[in-house]
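Worksheet: one structure, shown below.
Number of protein chains: 4
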Amino acid sequence: PIAFQLKYEGIFKYAQFFQKWVKPILAECIATFMLVFWACMLQPGPDHPEGLASPLVFALAAGINLTIIITMFWDICIIQFNPSMTVAFCVAGVVPWRLLVPNIGAQLVGSALAAWFAALIRGIPVGAISITESSDLNAIFWAEFFFTFMMAFVALAAHSLTPLVIGLTVTQGVFGGWYIGAGCMNPARVFGPAIMHSDWNYHWLWWLSEIAGAVFAVFVEMMIFAPITVHQGSTN
Amino acid sequence: PIAFQLKYEGIFKYAQFFQKWVKPILAECIATFMLVFWACMLQPGPDHPEGLASPLVFALAAGINLTIIITMFWDICIIQFNPSMTVAFCVAGVVPWRLLVPNIGAQLVGSALAAWFAALIRGIPVGAISITESSDLNAIFWAEFFFTFMMAFVALAAHSLTPLVIGLTVTQGVFGGWYIGAGCMNPARVFGPAIMHSDWNYHWLWWLSEIAGAVFAVFVEMMIFAPITVHQGSTN
Amino acid sequence: PIAFQLKYEGIFKYAQFFQKWVKPILAECIATFMLVFWACMLQPGPDHPEGLASPLVFALAAGINLTIIITMFWDICIIQFNPSMTVAFCVAGVVPWRLLVPNIGAQLVGSALAAWFAALIRGIPVGAISITESSDLNAIFWAEFFFTFMMAFVALAAHSLTPLVIGLTVTQGVFGGWYIGAGCMNPARVFGPAIMHSDWNYHWLWWLSEIAGAVFAVFVEMMIFAPITVHQGSTN
Amino acid sequence: PIAFQLKYEGIFKYAQFFQKWVKPILAECIATFMLVFWACMLQPGPDHPEGLASPLVFALAAGINLTIIITMFWDICIIQFNPSMTVAFCVAGVVPWRLLVPNIGAQLVGSALAAWFAALIRGIPVGAISITESSDLNAIFWAEFFFTFMMAFVALAAHSLTPLVIGLTVTQGVFGGWYIGAGCMNPARVFGPAIMHSDWNYHWLWWLSEIAGAVFAVFVEMMIFAPITVHQGSTN
Numbered sequence: 057p058i059a060f061q062l063k064y065e066g067i068f069k070y071a072q073f074f075q076k077w078v079k080p081i082l083a084e085c086i087a088t089f090m091l092v093f094w095a096c097m098l099q100p101g102p103d104h105p106e107g108l109a110s111p112l113v114f115a116l117a118a119g120i121n122l123t124i125i126i127t128m129f130w131d132i133c134i135i136q137f138n139p140s141m142t143v144a145f146c147v148a149g150v151v152p153w154r155l156l157v158p159n160i161g162a163q164l165v166g167s168a169l170a171a172w173f174a175a176l177i178r179g180i181p182v183g184a185i186s187i188t189e190s191s192d193l194n195a196i197f198w199a200e201f202f203f204t205f206m207m208a209f210v211a212l213a214a215h216s217l218t219p220l221v222i223g224l225t226v227t228q229g230v231f232g233g234w235y236i237g238a239g240c241m242n243p244a245r246v247f248g249p250a251i252m253h254s255d256w257n258y259h260w261l262w263w264l265s266e267i268a269g270a271v272f273a274v275f276v277e278m279m280i281f282a283p284i285t286v287h288q289g290s291t292n
Numbered sequence: 057p058i059a060f061q062l063k064y065e066g067i068f069k070y071a072q073f074f075q076k077w078v079k080p081i082l083a084e085c086i087a088t089f090m091l092v093f094w095a096c097m098l099q100p101g102p103d104h105p106e107g108l109a110s111p112l113v114f115a116l117a118a119g120i121n122l123t124i125i126i127t128m129f130w131d132i133c134i135i136q137f138n139p140s141m142t143v144a145f146c147v148a149g150v151v152p153w154r155l156l157v158p159n160i161g162a163q164l165v166g167s168a169l170a171a172w173f174a175a176l177i178r179g180i181p182v183g184a185i186s187i188t189e190s191s192d193l194n195a196i197f198w199a200e201f202f203f204t205f206m207m208a209f210v211a212l213a214a215h216s217l218t219p220l221v222i223g224l225t226v227t228q229g230v231f232g233g234w235y236i237g238a239g240c241m242n243p244a245r246v247f248g249p250a251i252m253h254s255d256w257n258y259h260w261l262w263w264l265s266e267i268a269g270a271v272f273a274v275f276v277e278m279m280i281f282a283p284i285t286v287h288q289g290s291t292n
Numbered sequence: 057p058i059a060f061q062l063k064y065e066g067i068f069k070y071a072q073f074f075q076k077w078v079k080p081i082l083a084e085c086i087a088t089f090m091l092v093f094w095a096c097m098l099q100p101g102p103d104h105p106e107g108l109a110s111p112l113v114f115a116l117a118a119g120i121n122l123t124i125i126i127t128m129f130w131d132i133c134i135i136q137f138n139p140s141m142t143v144a145f146c147v148a149g150v151v152p153w154r155l156l157v158p159n160i161g162a163q164l165v166g167s168a169l170a171a172w173f174a175a176l177i178r179g180i181p182v183g184a185i186s187i188t189e190s191s192d193l194n195a196i197f198w199a200e201f202f203f204t205f206m207m208a209f210v211a212l213a214a215h216s217l218t219p220l221v222i223g224l225t226v227t228q229g230v231f232g233g234w235y236i237g238a239g240c241m242n243p244a245r246v247f248g249p250a251i252m253h254s255d256w257n258y259h260w261l262w263w264l265s266e267i268a269g270a271v272f273a274v275f276v277e278m279m280i281f282a283p284i285t286v287h288q289g290s291t292n
Numbered sequence: 057p058i059a060f061q062l063k064y065e066g067i068f069k070y071a072q073f074f075q076k077w078v079k080p081i082l083a084e085c086i087a088t089f090m091l092v093f094w095a096c097m098l099q100p101g102p103d104h105p106e107g108l109a110s111p112l113v114f115a116l117a118a119g120i121n122l123t124i125i126i127t128m129f130w131d132i133c134i135i136q137f138n139p140s141m142t143v144a145f146c147v148a149g150v151v152p153w154r155l156l157v158p159n160i161g162a163q164l165v166g167s168a169l170a171a172w173f174a175a176l177i178r179g180i181p182v183g184a185i186s187i188t189e190s191s192d193l194n195a196i197f198w199a200e201f202f203f204t205f206m207m208a209f210v211a212l213a214a215h216s217l218t219p220l221v222i223g224l225t226v227t228q229g230v231f232g233g234w235y236i237g238a239g240c241m242n243p244a245r246v247f248g249p250a251i252m253h254s255d256w257n258y259h260w261l262w263w264l265s266e267i268a269g270a271v272f273a274v275f276v277e278m279m280i281f282a283p284i285t286v287h288q289g290s291t292n
């Protein structure tokens, strides 16, 4: 279970519009911008055959990305920067349903801006994760389903290491998906680069598998594990 | 010493069967599934001579695997996903003896399912750690004994970094066992892939050395170090 | 928001000169010395074409550097060892304006000493990050602006993982800036090596972009996110 | 300042001999055994030209080694497994002088046993860090002095990440000492392998430089930084 919730305090209670709508939505936009910007910046271009193009660097950098952004917004709001997590958290009751569409919209805007900005700096469009005709769609679907399931499951656990460990699930996802072309775990991660590359081939697959995996994690947590927990995680 | 124990609270007390049998056993099955699934997914196939096949990636991914799963189940139950840890924790009195057989059974089922599912996605059986006729059985036995001893020793210590550090012992075990073919530290890790590869060569060696190492850690802790501890770890 | 501040206690109150001027300034000098010394020591010389010269090592070592130094001075003072962070923290009111010039001066002295000492040990001047005529100045400027923005944003958040996560922003910055020659995020990091190499080509670019990025983070935090926070980060 | 001290409680007070002599000395022996055993196990032999022999693996594994062992003994005693830290902690008043000689003796016994045991398992003596006639003694001396200074300085700071960050100082030391043949930071690390290799060439250099660096850190901490600290580290 999530140990923190958005609260309103004392004299600031009147500023409900700002608190309820502006801050969380702006936070989603900025957080997704950062995620996609860093992901695009470290992808090699056509004239860089070597360099950073190792699975280890991609996996570590992807995990570090999440760890940074979650810590950054830790005491501001429950940050998602991921449409599949937004859906899952709405189902879990952690994020109010009224934020579903605005948050996802803000994430997609942030993703698009980051991909555009990174392409400006790098001089070429970068950051796409392509699904081609030769990809094994079943393998990608189920890998994404399970990887996102595990990431969402960790996000629902309470421990002081949580921001780091959520990042590690993404590192592990990049490792695990390497040989089959999976390891995205976030539809907003591929949305912006898809615009810049104009490559929408099987783009729906990321959305479907990842939202399904994240929502499945919420069901498993709520049906089986959440009731009668130990209540010790939050104090450790 | 372990700082957390399964507790029953208020209105849910009646659900003792669910709490005592369903939750811990299901958690073991799911946790071991995750462990073995990720381990299988990042192993290269015959048509991938390069890529992830570096000791660094295997060692880091193995450690990350444990860190994720321990954090995931932190406030749910004392997760083991490892028959040698289940035996050691039963000896230590941390896990009740009644769970010994069901937990190990659940771990083996989870391991088999994960190996089968990973083979489906990847198209080939993956994830085996082979002991061949040319392996040095003595070296593997004692390396596994010491590596599992150290992992179990850390698992009995109390610190907020514990989930991460238990993972690091496995990373270190993969490093330390690299040149002699050891570094498993978990019989359930090799059980599922052994089914898929139908390779049971010296499979008993993993069980014997790792259970012995983990139980030895409990004896050293209980006989020498546990009495009169500083009692500060849990607050830091 | 920063959860800790310099305080004066009991019998030591009379030692205000020592507390107000000597300790923070000396801490800045020693911290920057460590940062630049380690950065210089791991840079390969002309007779080491291989070895540590991989983006992964540079990125991890740069992040580890910050994590160590921040932890080291955690309960001593709000350490900056970075002119752009000193300016940002003065704007944020976290560091008093009276320390602006002395702190930056101490950082530059520490940086120069470290570069000189490392050159003595290694036998050659090491540690420069060069901007040449063929570099894309716009790309470097905006990359440094955004990387420093993110680092400063994390430094203003409160979480027990903060020292580690600030380090990770630098790791990520080295990854993200690799292809365009950016990823410094600290004018004091390049000042000392610039003296030893007598290479001041576009040195002002680091100062301008990084101070602008850090100050922009303070504005975003103070204008948008700091008011009415959740106040939970410091207890987790 | 160190936040934890050995305490005696209630009914166990009579067991002072066990607490005062047996436990800390045995802990030093076991801890140093683990450190040297893992360090030896991952060093390549003559028939392994490739594999783990990368600076990154050595540096990460060395840091992970310390993190594991410190966490392991966190609530048992103030573990040192390093003669230079034992001397420094005695000077600082953190460890009683009566333990100086027994602790260092126990460390050397543990180191010798580990090097012998690793040589048995691997079939060859492994783990030495050689100083040859062509080494630059001045460079090694000052590098070891500064690296050990920084490690000891971190060990005196209070933060929940301390076990991890002490490990990171060793990782950084291996990076920083790579090109000049330094990066040991612990006389007990090289003592056991020196026996197995019968190579005592300039062995005294490790002891001299590292003890000097660690004691210097205590002086800097006690003279300059420890008085009037913020007293916030231990709660974060």
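Residue numbers (the working numbering), protein chains in the order written: chain A, 57 to 292; chain B, 57 to 292; chain C, 57 to 292; chain D, 57 to 292. Glycine included, every Cβ here is placed at the ideal spot set by N, Cα and C.
Using a cut-off of 7 Å between C-beta atoms, extract the partners of Leu220 (chain D) located in chain B. Contacts between Leu220 (chain D) and chain B, judged by CB atoms closer than 7 Å, involve Leu217 in chain order.
Beta carbons nearer than 8 Å to chain B: which residues of the region 111 to 138 of chain D have them? If you check each beta-carbon in the region 111 to 138 of chain D against every beta-carbon of chain B, the ones closer than 8 Å belong to Leu112, Val113, Leu116, Ala117, Ile120, Asn121, Thr123, Ile124, Thr127, Met128, Phe129, Trp130, Asp131, Ile132, Cys133.
Can you tell me whether Glu189 (chain A) is buried or exposed, with buried defined as 16 or more other CB within 10 angstroms of its CB? Answer is exposed; the Cβ neighbour count stays below 16.
Give a yes or no on whether the minimum CB-CB distance between Arg154 (chain A) and chain C is below 8 Å. No, because no Cβ of chain C sits closer than 8 Å to the Cβ of Arg154 (chain A).
How about the region 271 to 285 of chain B and the region 154 to 171 of chain B: do they share at least three Cβ pairs that are nearer than 8 Å? The answer is no - the region 154 to 171 of chain B does not touch the region 271 to 285 of chain B, with fewer than three Cβ pairs under 8 Å.
Roughly how many angstroms separate the alpha carbons of Leu82 (chain B) and Ala162 (chain B), rounded to a whole number? Whole-angstrom Cα-Cα distance: 7 Å.
Under 8 Å Cβ-Cβ, which residues of chain F neighbour Gly101 (chain B)? Protein chains A, B, C and D are contained in the structure displayed, whereas chain F is not.
When the Cβ atoms of the region 254 to 264 of chain D are set against those of the region 221 to 234 of chain D, are three or more pairs found closer than 8 Å? With a cut-off of 8 Å, the region 221 to 234 of chain D and the region 254 to 264 of chain D do not count as touching, because too few Cβ pairs lie within range.
Does the Cβ of His259 (chain A) have 16 or more other Cβ atoms within 10 Å, making it buried, or fewer, making it exposed? When all chains shown are included, His259 (chain A) counts as exposed.
Integer Cβ distance of His215 (chain A) from Pro80 (chain B), believed to fall under 8 Å: That pair is no contact at about 19 Å.
So, using beta-carbon positions, are Val151 (chain D) and Ile134 (chain D) closer together than 8 Å? Yes. Within cutoff.
What are the start and end residues of the alpha helix (DSSP H) that includes Ala171 (chain D)? Residues 156 to 178.
What does the alpha-carbon distance come out to for the pair Phe137 (chain A) and Cys85 (chain A)? For Phe137 (chain A) and Cys85 (chain A), the gap between their C-alpha atoms comes out near 7 Å.
For Ser167 (chain B), which residues of its own chain have a beta-carbon under 6 Å away from its beta-carbon, when the five flanking residues on both sides are left out? Counting only Cβ-Cβ distances below 6 Å, and skipping sequence neighbours, we find Thr88, Val92, Ala244, Phe247, Gly248.
Going by beta carbon distance, what residues of the same chain come within less than 7 Å of Ala109 (chain C), once the five residues before and after it are set aside? Hits under 7 Å: Pro100.
Chain-ordered neighbours of Ile180 (chain C) on chain D, where CB pairs are closer than 7 Å: Under the 7 Å cutoff, chain D gives no residues; its nearest Cβ is about 10 Å from Ile180 (chain C).
Closer than 7 Å, Cβ to Cβ, to anything on chain D: give me those residues from the region 189 to 209 of chain B, in chain order. Under the 7 Å Cβ criterion, the region 189 to 209 of chain B contributes Ala195, Trp198, Ala199, Phe202, Met206, Phe209.
Kindly indicate if chain B contains any beta-carbon less than 8 Å away from that of Phe231 (chain D). Cβ-Cβ to chain B under 8 Å: no for Phe231 (chain D).
Member of C:Ala238, C:Leu224, C:Asn242 whose CA lies at the smallest distance from the CA of Thr123 (chain A): Check the Cα spacing between Thr123 (chain A) and each of C:Ala238, C:Leu224, C:Asn242: the tightest is with C:Leu224.
Does the Cβ-Cβ distance between Val271 (chain C) and Val147 (chain C) come in under 8 Å? Yes, the pair counts as a contact, with Cβ atoms nearer than the cut-off.
Interface residues of the region 84 to 99 of chain D facing chain B [CB-CB below 7 Å]: For the region 84 to 99 of chain D, the set of positions with a beta-carbon nearer than 7 Å to some beta-carbon of chain B reads Met90, Phe93, Trp94, Met97, Leu98 in chain order.
Amino acids of chain C, ordered along the chain, whose beta-carbon sits closer than 7 Å to that of Leu82 (chain A): Identification of chain C residues near Leu82 (chain A) by a Cβ-Cβ cut-off of 7 Å yields Ile280, ordered along the chain.
Chain-order list of residues whose beta-carbon lies under 7 Å from that of Leu116 (chain A) (same chain, five-residue window excluded): Here the set comprises Thr227.
Can you round the beta-carbon distance between Ser265 (chain B) and Phe201 (chain B) to whole angstroms, since I take them to be within the 8 Å contact cut? Right, the Cβ-Cβ distance comes to about 5 Å (below 8 Å), so this counts as a contact.
Can you check which of these residues, B:Asp131, B:Ile236, B:Met97, B:Ala211, is closest to Ile196 (chain A) by C-alpha distance? Taking only the C-alpha atoms, the option nearest Ile196 (chain A) is B:Met97.
For Leu112 (chain C) and Ala95 (chain A), what's the separation of their Cα atoms in angstroms? Each residue's alpha carbon lies about 15 Å from the other.
Would a check of beta-carbon distances place Leu224 (chain D) closer than 8 Å to chain C? Proximity of Leu224 (chain D) to chain C, defined by a Cβ-Cβ separation below 8 Å, is satisfied.
Note down the Cα distance separating Phe237 (chain A) from Ser191 (chain A), rounded to an integer number of angstroms. For the record, residue 237 (chain A) in the displayed sequence is Gly; it is not Phe. Cα to Cα, the separation comes out at about 7 Å.
Looking only at C-alpha atoms, which of B:Ile267, B:Ile120, B:Thr127, B:Trp130 sits nearest to Ala199 (chain B)? Ranking the options by Cα distance to Ala199 (chain B), first place goes to B:Ile267.
Would you say Lys79 (chain A) faces chain C, with C-beta separation under 8 Å as the test? At least one chain C Cβ lies under 8 Å of Lys79 (chain A).
Shorter than 8 Å from the beta carbon of Gln163 (chain C) to some beta carbon of chain A? Answer no: the Cβ-Cβ gap between Gln163 (chain C) and chain A never drops below 8 Å.
With respect to the alpha helix (DSSP H) encompassing Leu122 (chain C), which residues constitute its N-terminal and C-terminal limits? In the DSSP assignment, Leu122 (chain C) falls within the alpha helix (DSSP H) that extends over 111 to 128.
Do Phe203 (chain D) and Gly239 (chain D) have their C-beta atoms within less than 8 Å of each other? Yes; because the gap between Cβ atoms is below 8 Å, this pair is in contact.
Return the first residue and the last residue of the alpha helix (DSSP H) that Gln228 (chain A) is part of. Going by DSSP, Gln228 (chain A) is part of the alpha helix (DSSP H) stretching over 218 to 233.
For a cutoff of 8 Å on Cβ pairs, would you count Thr251 (chain C) as touching chain D? As written in the sequence, residue 251 (chain C) is Ile, which differs from the Thr given in the question. Output row for Ile251 (chain C): interface = no.
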